[in-house]
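37 is the number of the first residue of the sequence shown in our numbering; add one for each residue after it.
See structure below.
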Amino acid sequence: MAAVVIVAAASALDLKAFLRLLRMSRTEAALLVATFLGVAFAGVLEGILVATGLSLIAFVRRAWDPIARSWAASGMCPVTTT
């Protein structure tokens with residue numbers, strides 16, 4: 037049974053796919069690493085809860101960005117855009 041788990045875990049660690057994800061989206065790659073570390077060190081349920089929370093924060097941040105940029109352009113909100 038342990039050999040099956042080890043083989044499944046080894047096939048899940050695909051370095052080439054991780055590097056491709058890192059080039060496409062650093063945020064998604066950071067979420068992947070956070071999820072992996074959370075599951076590895078805190079347990080499955082806690083790791084998934086951490087990943088869900090971080091994903092929600094990333095989603096809200098991405099969704100809020102156009103609003104913040106439009107407010108900054110109109111002078112309504114003192115937000116600096118880069």
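Note that beta-carbon positions come from the ideal geometry of N, C-alpha and C, so glycine has one too.
For residue i versus residue j, is the C-beta distance shorter than 8 Å?
| i | j | result |
| --- | --- | --- |
| Ala94 | Leu58 | no |
| Gly74 | Glu82 | yes |
Whole-angstrom Cβ separation of residue i and residue j, contact assumed at under 8 Å?
| i | j | result |
| --- | --- | --- |
| Thr71 | Ala87 | 4 Å |
Residues in the same chain with beta-carbon distance under 8 Å from residue i, minus the five sequence neighbours each way, listed in chain order, please.
| i | result |
| --- | --- |
| Ala65 | Phe54, Leu57, Leu58 |
Note the first and the last residue of the continuous alpha helix (DSSP H) segment covering residue i.
| i | result |
| --- | --- |
| Leu58 | 51–60 |
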